[in-house]
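Since the structure comes first, as structure tokens, the remarks are kept for the end.
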Amino acid sequence: MTETPRTYDALVIGAGFGGMYALHTLREQGLQVRCYDEAAGVGGTWFWNRYPGARVDYPGGPFYCYTFSEDLLREFDWPEKQPDQPTVLRYLNFVADRLDLRRDIQLETRITGATYDEQAQVWAVETSQGQRVRTQFLVCAVGALSAAHVPDIPGRERFAGECYHTGRWPHDQNVTFKGKRVAIIGTGSSGIQSTPVVARDAAHLTVFQRTPQYSVPAGNRPTDQALIADARANWSKYRDIMVSTPIGAPDLPSTLRARDHTPEQRRATYEGAWREGGLGPILVKTYCDILTDRQSNEWLSEFVREKIRGIVRDPETARKLLPSYAIATKRQVMDEGYYHAFNRDNVSLVDLREDPIVEITPAGIRTERGFHALDMLIFATGFDAITGALQKVNPRGRDGIALQERWATRFNSYLGLTIPGMPNLFMIHGPESPCVLFNMPLGAELEADWIRECILHLRKHGLGAIEPAPGVDIAWAREVEEIANQSLYPQTDSWYTGSNIPGKHRQFAVHMGGSNYFAQIRDVAARGYAGFVTEPVRSAVAA
Ligand code: N01
Numbered sequence: 024m025t026e027t028p029r030t031y032d033a034l035v036i037g038a039g040f041g042g043m044y045a046l047h048t049l050r051e052q053g054l055q056v057r058c059y060d061e062a063a064g065v066g067g068t069w070f071w072n073r074y075p076g077a078r079v080d081y082p083g084g085p086f087y088c089y090t091f092s093e094d095l096l097r098e099f100d101w102p103e104k105q106p107d108q109p110t111v112l113r114y115l116n117f118v119a120d121r122l123d124l125r126r127d128i129q130l131e132t133r134i135t136g137a138t139y140d141e142q143a144q145v146w147a148v149e150t151s152q153g154q155r156v157r158t159q160f161l162v163c164a165v166g167a168l169s170a171a172h173v174p175d176i177p178g179r180e181r182f183a184g185e186c187y188h189t190g191r192w193p194h195d196q197n198v199t200f201k202g203k204r205v206a207i208i209g210t211g212s213s214g215i216q217s218t219p220v221v222a223r224d225a226a227h228l229t230v231f232q233r234t235p236q237y238s239v240p241a242g243n244r245p246t247d248q249a250l251i252a253d254a255r256a257n258w259s260k261y262r263d264i265m266v267s268t269p270i271g272a273p274d275l276p277s278t279l280r281a282r283d284h285t286p287e288q289r290r291a292t293y294e295g296a297w298r299e300g301g302l303g304p305i306l307v308k309t310y311c312d313i314l315t316d317r318q319s320n321e322w323l324s325e326f327v328r329e330k331i332r333g334i335v336r337d338p339e340t341a342r343k344l345l346p347s348y349a350i351a352t353k354r355q356v357m358d359e360g361y362y363h364a365f366n367r368d369n370v371s372l373v374d375l376r377e378d379p380i381v382e383i384t385p386a387g388i389r390t391e392r393g394f395h396a397l398d399m400l401i402f403a404t405g406f407d408a409i410t411g412a413l414q415k416v417n418p419r420g421r422d423g424i425a426l427q428e429r430w431a432t433r434f435n436s437y438l439g440l441t442i443p444g445m446p447n448l449f450m451i452h453g454p455e456s457p458c459v460l461f462n463m464p465l466g467a468e469l470e471a472d473w474i475r476e477c478i479l480h481l482r483k484h485g486l487g488a489i490e491p492a493p494g495v496d497i498a499w500a501r502e503v504e505e506i507a508n509q510s511l512y513p514q515t516d517s518w519y520t521g522s523n524i525p526g527k528h529r530q531f532a533v534h535m536g537g538s539n540y541f542a543q544i545r546d547v548a549a550r551g552y553a554g555f556v557t558e559p560v561r562s563a564v565a566a
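The sequence shown begins at 24 in the numbering used here and counts up one residue at a time.
Next up, the structure:
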């Protein structure tokens, strides 16, 4: 006799910032909720990205954390302005214990299938542990930066040394660099953060760079205790500011345009931000038009290029490190000694635009101009961002159509929270939400709050299913595109546009409305979930 599958009210995929909060807030409403995660621990992105040098870039502690509970804020100490990965993971474990989340989280369990049953208005879900469960609501908190991308370089699988991806750094192994010849491929945040740490110990480090990036000093330091005390005493004030700013940070954005200042004033402003360190001071607090005005952007870009020329002693290496795209239109990077690392005798740079990789052999990397013998290869090559992890889950919605099929040529959503043809499925940090361009823990909370209220609305009104009305996704995509086109972002190849993944279609994946976006989704709810269609409860299962 086959066992009847257990039915939950909501199933959450992913036990990172978004999934853990969704579990908590839905459970608080008396819903039966189960959370699954493939990892051996909670933490999501912060579980996997434990490469050397990984730390929060923006905004720092105590603003990169849950904001809904003053108890959590009081009970956890953030020792540094830019907390390192072990601290963030410790925080998420602390929260899991403090909110007693673990009893409803099943780890080391991948979702292998999710199919919508239109008659019963439930999702039938299968796991890698052979379980079959049913759930009315499927909350996908799978992470915007969790589907690791390893480029298909000829010979990759033949490499005989140690091989890692920064986004899948092992927990069960103490990786050491001492005495080893190491390569890092990729110079995004992960490659740039790990370079100085690897360089310190490795016999030799070779950095393989495809696109040079602008990086600014992290300016990390012990947390300002007066700021922590003030934040704890006046949390609602800080939270209100964060919720009302374009990127969910406590820094009030500058209202000055770069051209409002003389060249001398601009220089002094940039220098001050460079000395202070961190992303907020240079991108948010200098000028308001860095990402909308090409000239303003170029002034800052050139300032950083000058810094690179000033730091890197070998002119040829400095030349190769100079970026040319508009600063911050790829995700802006901060570092702790990246450019300085190239002044070390044991660090070299290969510019892949001039000297491309031909193949990986068991002993190293062959480029057009030479061979690099290696003991360790680190892929810091990023992610199939924002859409990749959900496409791996590949839920099958109305008419049996799977997400990979729906999104084969373009992804679509309504509000970045729901997908046409996928009733009762919600996303946290989905495509066309502010996700990676808004403080991610805070954004996850605000999105999960919206999902919770939507579910409660359905329950209250005897509704069994909700999904976007025909066509609303098209208007939403247009809005996302129009807002993005007011900025310089779409003009650069980056993972925001999908152009980092060979064969992925180009589509700007982020709604840049920031706080306006959150006001907008609240307004949709206030107008009775305008743009959605609902169905009355059809079966006992969904009741
Ligand atoms: O990934 P990336 P990441 N051959 O995509 C290169 C967040 N994050 O893991 O620029 C050679 O940025 C690629 O080159 P190009 C943050 O949002 C946050 O570093 O595409 N090179 C690029 O240099 C960040 O943006 C923190 O030409 C290849 C690099 O690999 C996001 O995660 C820390 C290649 C990938 O850079 C992703 O960062 C770390 C190929 N075939 C990350 N394919 C915090 O501090 C790709 N590359 C919070």
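The C-beta atom is built at its ideal place from N, Cα and C for all residues, glycine as well.
Given the structure is predicted, the values throughout are model-derived calculations rather than measurements.
Residue i: which of the options sits nearest, CA to CA?
i: C477; options: R113, G76, F91 and V162; result: V162
i: L413; options: L438, R78, E382 and F449; result: F449
i: S151; options: D398, T246, I207 and I36; result: I36
i: N462; options: V65, M535 and I474; result: M535
i: R233; options: E391, D374, L397 and I388; result: D374
i: R97; options: A170, A137 and A254; result: A254
i: P304; options: R280, E131, L275 and F365; result: L275
i: L168; options: L115, R280 and D407; result: D407
i: D60; options: E141, V416, Q236 and Q514; result: V416
i: G295; options: V239, A171 and V118; result: V239
i: P286; options: P174, A548 and W322; result: W322
i: P193; options: A256, I331 and P75; result: P75
i: R280; options: L306, E299, N257 and W258; result: L306
i: A137; options: H188, P446 and R550; result: P446
i: A488; options: C88, Q142 and V111; result: Q142
Just to confirm, are residue i and residue j a CB contact at a threshold of 7 Å?
i: G537; j: A403; result: no
i: N320; j: A349; result: yes
i: G67; j: G84; result: no
i: W146; j: T158; result: yes
i: K353; j: S510; result: no
i: F70; j: A62; result: yes
i: N243; j: Q108; result: no
i: P177; j: E391; result: no
i: Y293; j: V335; result: no
i: G405; j: N508; result: no
i: G202; j: A226; result: yes
i: G420; j: Y139; result: yes
i: L460; j: V533; result: yes
i: F160; j: A33; result: yes
i: D271; j: G466; result: One detail in the question is off: residue 271 reads as Gly in this sequence, not Asp. Yes, these two residues count as a Cβ contact at 7 Å.
i: V495; j: E455; result: no
Could you check if residue i belongs to the surroundings of ligand 1, using beta carbon to heavy atom distance under 6 Å?
i: G211; result: yes
i: V381; result: no
i: D374; result: no
i: W69; result: no
i: V307; result: no
i: G405; result: yes
i: D80; result: yes
i: N5; result: There is simply no residue 5 to check, as the chain begins at 24 and stops at 566 in what is shown.
i: L96; result: no
i: P174; result: yes
i: L168; result: yes
i: W518; result: yes
i: T234; result: yes
i: I544; result: no
i: I208; result: yes
i: R354; result: yes
What are the uninterrupted segments assigned as beta strand (DSSP E) that are 3 or more residues long and contained completely in the segment 384-413, given in chain order? Runs of the beta strand (DSSP E) inside the segment 384-413: 387-390, 393-396 and 399-402.
Let me know the alpha helix (DSSP H) ranges lying completely inside the segment 100-133, each 4 residues or longer, listed in chain order. Counting only runs of 4+ residues, the alpha helix (DSSP H) found wholly inside the segment 100-133 occupies 108-121, in chain order.
How about the segment 422-441 and the segment 197-217: do they share at least three Cβ pairs that are nearer than 8 Å? No contact exists between the segment 422-441 and the segment 197-217.
When you compare the segment 333-346 with the segment 309-317, are there three or more beta-carbon pairs, one atom per stretch, that lie closer than 8 Å? They do not touch, by the three-pair rule.
Beta strand (DSSP E) segments (min. 3 residues) lying fully within the segment 299-383: Within the segment 299-383, the complete beta strand (DSSP E) segments of 3 residues or longer fall at 356-358 and 370-374, listed in chain order.
Which runs of the alpha helix (DSSP H) at least 4 residues long sit entirely within the segment 400-476? Give them in chain order. Runs of the alpha helix (DSSP H) inside the segment 400-476: 411-416 and 426-429.
Report yes or no: do the segment 47-66 and the segment 180-193 share at least 3 C-beta pairs separated by less than 8 Å? When C-beta atoms of the segment 47-66 are compared with those of the segment 180-193, fewer than three pairs fall below 8 Å, so the two segments do not count as touching.
Identify every run of the alpha helix (DSSP H) within the segment 216-262, keeping only runs that are complete inside it and at least 4 residues long; order them along the chain. Here the runs fully enclosed are 248-256.
The segment 42-50 touching the segment 463-472, judged by at least three CB pairs closer than 8 Å: Yes, since at least three Cβ pairs between the segment 42-50 and the segment 463-472 fall closer than 8 Å, the two stretches touch.
Using 8 Å as the cut-off, can you tell me whether the segment 393-400 makes contact with the segment 433-441, which would need three or more C-beta pairs spanning the two stretches below that distance? They do not touch, by the three-pair rule.
Below 8 Å, how does it come out for the segment 550-558 and the segment 479-488: are there three or more Cβ pairs, yes or no? Enough Cβ pairs lie closer than 8 Å, so yes.
May I have a chain-ordered list of the beta strand (DSSP E) segments no shorter than 3 residues that lie completely inside the segment 64-92? If we require 3 residues or more, the segment 64-92 turns out to have no beta strand (DSSP E) run fully inside it.
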